[in-house]
Amino acid sequence: MARTRIVIVGGGFGGVQCARTLRRHLRRGDAEVTLFNRENHLVFSPLLADAVGSSLNLQDVIVPLRQLLPDVTCRTEEVRHVDLAGRSVEFEGPDGAVRRMGYDHVVFACGSVANLNVVPGMADHAFPLKTVGDAAVLRTQVLQQLERAEVCEDPARRRWLCSFIVVGGGYSGVESAGEINDLVRGSLRFYPHLRPEDVAVTLIHSRDQLLPEISPPLREFALTRMRAAGVDVRLNRRVLLATGEGVGTDDGFVRGGTIVCTIGSSPAPLIARLDTPREKGRIVTAADLRLPGRADAWAVGDCALVVNAHDGRPSPPTGQFAERQGRQAAENLVRALRGEPTRPFSFRVLGQLCSIGGHRAVAELLGFRLSGFLAWFVWRGVYLFKLPSWGRRIQVGADWAWLLLFPRDLAHLRTDPTERISRAHFEPGDAIIRQGEPATGFFVLEAGEVEVVRATPERPEGEVIATLGAGSFFGEQALLHQQPRSATVRARTAVDVLVLGRNVFTTISRSLAPLRQALTAAITRRSGAFWQERPHVMAALRALELRDFIEPAPRPFVGAAATLGELTQAFAGTDQEVFYVTGPDDRLEGLVTFTDLLHAQARGLAPGTPVTEFMVARPAAVAASDTALVAAGAFREHGFKTLPVVSDPAGRRVVGLVRARRLLARVLDRLPPDGR
Ligand SMILES: Cc1cc2nc3c(=O)[nH]c(=O)nc-3n(C[C@H](O)[C@H](O)[C@H](O)COP(=O)(O)OP(=O)(O)OC[C@H]3O[C@@H](n4cnc5c(N)ncnc54)[C@H](O)[C@@H]3O)c2cc1C
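To convert, note that position 498 of the sequence shown is 498 in my numbering; the numbers rise steadily by one, no gaps.
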């Protein structure tokens, strides 16, 4: 009998517990369990704030999935889409390639992502705390602010640098505020120019009490202890906006150089693309954790909306519930495989634990309430015993003991990676990008000419559909749409390109409005060419030889030594729209249109300025052997009315010009009546 293939999407608390339980109940020969996770580790989110506050090493809050789940196939890949009807997952590997895998059962355990768009300005100015990367960046920010404040002469700015604002009074907000407060105040002795009055840690919460999940006496304890430690806790305050200076609330503006946002999360983007009922973005599940109406799909944890049969209420998004649901989804899945009835999710909370800074915590365990150092000790102990092996527990325990006895580490890592902008050179015929390959970069053509080649099922060898000249760009479509490359781009001449890595391109294109507009225009232009949708037009363009349309090149050609003054005189004495600048053997070096001349005059260039200063260097051209399809693509791309025609792409001896209007009118004239 074929092995049952079970795919789990997400390696957080829910997914890991589900995988472990499945492995306990199903033999390897009976079922293959594959777990997809973006990272190769599980993140212990409740310890993230400790990593921010330097009371834990970053490594201590993550556990490698392979060591945690030795009998499970762990894939560090992002699932992009799940086809529920076709029973397959589509995922993207580290190389950017998209692949598919079929399944018999799928479990959604992909948690949630930080959504800073809940408050205007938050996405631009606040730090989230969701991943271990967020913790590393935030820790660096806190320590950098102390370093900047230490050398700051202006007292007002020094106070601003030392002011930290935490938005949200749930677990992560309380833990973060407590830890940042401890780190900053506990480190002041190492910063001789900073005084306690310079420091402000403000926790802003919209409700009348912190930590809604725990009982009122413990909430009260947490509030009193935090205020005593110096945290300015502001309750019943709603944050309305965030700026580079601080946050605006319904009670005035709070200034601070660091804003931590712990409110606002939305389910993982994958969930939004699923064809299944959702509420507030979370997958609504049936009582047994299955997706409604589906026998083979399950959902657990923060990405799911699960009603707890124990009290009839929706489960809260906590690690404890995610784990329990992961376990029960696995047990129900095993029951379903064995033809037994499944059981509804029902769970009585065992307890709540929250660290509030200063080696203190509040805890409710099996009906007992604890607070202070003992609760903190229990809190750490519980997490220590969740670690996968004794080796790891001893290592982490020793780290904790060390950090309990000695001051926190104030060294900060440089978290801004070296930016990836590079230059590359290609010789004629070299492929710069290839159709079907994953998108890794964006290219700006600095010099030379390239051709865009697209292969289709009818023409697997590919055909040239456009040429691009210096100043053009390519590679944007696949990056922005997260698709494989839709065409090959090949150097026609020697080519120099500027290459922007994916992250650099994403960052710049998001924030630089003119680039965004140019990219949108290019995508519309490149994907919306009317002939691409019409096979008759494509066929007509392909069939026309460019040589039938070539007109004599506009003469005289000018040499590289011609000046602005000479060209101004030349334009004055003729109707000619363009002058070609040529080198030896009429080789095309550049061109000057009347618009280029006007721009040169507007720049205030002297009449003696050589043409090489203001011409379009190495302009796009078509070769006499190209089809009309190539010319049509080049006209559309560059918006030119005419294009130079050269003897061959590499040689570039000018042999004439071709006009857009004549060529396209001829194509339209040749179309059958129903082909337009
Ligand atoms: C700072 C902080 C402190 C917290 N403190 C507490 C606390 O004290 N107590 C408590 O009970 N809860 C706490 N929580 C909440 C708790 O961490 C979450 O409820 C819990 O992690 C949810 O588990 P999950 O398995 O649903 O999702 P997660 O743990 O978020 O795991 C989801 C995983 O899926 C992966 N993933 C997502 N989409 C894809 C995809 N398309 N392909 C592949 N992988 C994907 C993600 O990378 C992630 O690893 C805290 C949360 C935070 C952020």
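Heads up, the beta-carbon is just placed ideally off N, CA and C, and yes, glycines get one too.
- Less than 8 angstroms separates the beta-carbon of Val201 from that of Val184.
- Of Ala109, Arg207, Val444, the smallest CA-CA separation from Ala491 is found for Val444.
- Between the alpha carbons of Glu77 and Phe345 lies a distance of about 29 angstroms.
- With 16 or more other CB atoms across the displayed protein chains lying within 10 angstroms of its CB, Asp198 is buried.
- Assigned with DSSP and collapsed to three states, Gly252 falls in strand.
- Here the alpha carbons of Leu597 and Arg587 stand approximately 22 angstroms from one another.
- By the C-beta density criterion, Asn236 is exposed, having fewer than 16 other C-beta atoms within 10 angstroms.
- Non-local C-beta neighbours of Val113 in its own chain, meaning closer than 8 angstroms and more than five positions away in sequence, comprise Lys130, Ser265, Ser266, Pro267, Ala268, Pro269, ordered along the chain.
- Listed in chain order, the beta strand (DSSP E) elements of length 3 or more contained wholly in the region 639-663 are 642-646, 654-659.
- In this structure, the beta-carbon distance from Gly351 to Glu364 falls below 8 angstroms.
- Within 7 angstroms of the C-beta of Asp302 there is at least one heavy atom belonging to ligand 1.
- Gly319: not part of any beta strand (DSSP E); member of the alpha helix (DSSP H) spanning 319-337, first to last residue.
- Secondary structure remark: continuous alpha helix (DSSP H) runs of at least 4 residues inside the region 33-109, in chain order: 48-52, 65-68.
- Look at Gly168 here: in three-state DSSP terms it is coil, with no helix or strand label.
- Contact between the region 405-413 and the region 467-481 is not established, with fewer than three Cβ pairs separated by less than 8 angstroms.
- By the beta-carbon neighbour count (other beta carbons within 10 angstroms, threshold 16), Gln325 is buried.
- The alpha-carbon separation between Val396 and Gly436 amounts to approximately 45 angstroms.
- Annotation note: the region 445-501 contains the following uninterrupted alpha helix (DSSP H) runs of length 4 or greater, listed N- to C-terminal: 476-481.
- Using a Cβ distance threshold of 8 angstroms, Arg255 and Gly246 count as a contacting pair.
- Straight-line measurement puts the Cα of Ala561 at about 6 angstroms from the Cα of Pro610.
- Not one heavy atom of ligand 1 sits closer than 7 angstroms to the Cβ of Tyr383.
- Taking the C-beta atoms as reference points, Ala617 is found nearer than 8 angstroms to Ala470.
- Contact between the region 366-385 and the region 15-30 is absent: fewer than three C-beta pairs spanning the two stretches fall below 8 angstroms.
- In the displayed model, Glu220 falls within a helix according to three-state DSSP.
- For Asn37, the shortest C-beta to heavy atom distance toward ligand 1 is below 7 angstroms.
- Contact between Ala295 and Ser172 is ruled out by a C-beta separation of about 36 angstroms, above the 8 angstroms threshold.
- Judged by their CB atoms, Val82 and Val89 are nearer to each other than the 8 angstroms cut-off.
- At least one heavy atom of ligand 1 sits closer than 7 angstroms to the Cβ of Ser45.
- In this structure Pro46 does not touch Gly301 by the C-beta definition: roughly 14 angstroms separates them, more than the 8 angstroms allowed.
- Only exposed fits Val151, as fewer than 16 other CB atoms lie within 10 angstroms of its CB.
- Annotated as proximal: Ile356 and Arg225, with beta-carbon spacing under 8 angstroms.
- Short note on Thr595: C-beta not closer than 7 angstroms to any heavy atom of ligand 1.
- Using a Cβ distance threshold of 8 angstroms, Val464 and Val489 do not count as a contacting pair.
- Relative to ligand 1, Thr318 has its C-beta within less than 7 angstroms of a heavy atom.
- By the beta-carbon neighbour count (other beta carbons within 10 angstroms, threshold 16), Thr456 is exposed.
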